[in-house]
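The letter at position 106 of the sequence shown is residue 106 when you use full-length UniProt numbering, and the numbering goes up by one with no holes. Using N, Cα and C, we set each Cβ at its ideal position, and we do this for glycine too.
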Amino acid sequence: VCTSRFWFNYRHIANALSVYRSVKRLGIPDSQIILMLADDMACNPRNPRPGKVYNNKNEAIDVYGNDVEVDYRGYEVTVENFIRVLTGRLPPDTPRSKRLNTDDRSNVLVYMTGHGGEDFLK
Numbered sequence: 001v002c003t004s005r006f007w008f009n010y011r012h013i014a015n016a017l018s019v020y021r022s023v024k025r026l027g028i029p030d031s032q033i034i035l036m037l038a039d040d041m042a043c044n045p046r047n048p049r050p051g052k053v054y055n056n057k058n059e060a061i062d063v064y065g066n067d068v069e070v071d072y073r074g075y076e077v078t079v080e081n082f083i084r085v086l087t088g089r090l091p092p093d094t095p096r097s098k099r100l101n102t103d104d105r106s107n108v109l110v111y112m113t114g115h116g117g118e119d120f121l122k
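Next comes the structure, spelled out in structure tokens:
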């Protein structure tokens, strides 16, 4: 989960995408990953490398890549939606791809980067 918006928070998007890539490399399929990004740095007009996001100044790895599946984006990234995903209390018409689909034997890794405070994500 990346809760930050705006260009000056680029690092938070890069952090979330780096963890996403690492989890996928470990063999976890997108069907078992919920990726929430509050902004789209790859397409930001200030991005000198359009369509790409890097996690270091050497630009060795484009962590955005061609196969990123963002489940919640922009203003869908809210405290309410985050809690709904974790608790499974989603509207009945929520697509399977936006559900956590866990049970009492599941292990869940939550990685959150960005700004926030009591009762808000920013």
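- Beta-bridge analysis with DSSP links Y64 to no other residue.
- Using a Cβ distance threshold of 8 Å, D30 and R73 do not count as a contacting pair.
- Rounded to the nearest whole angstrom, the CA to CA distance from L100 to V85 is 6 Å.
- In this structure the stretch 62-80 lies against the stretch 42-54, because at least three pairs of beta carbons, one per stretch, are closer than 8 Å.
- Secondary structure note for I13: its alpha helix (DSSP H) is the uninterrupted segment 10-25.
- DSSP places L37 in the strand class (E or B) of the three-state scheme.
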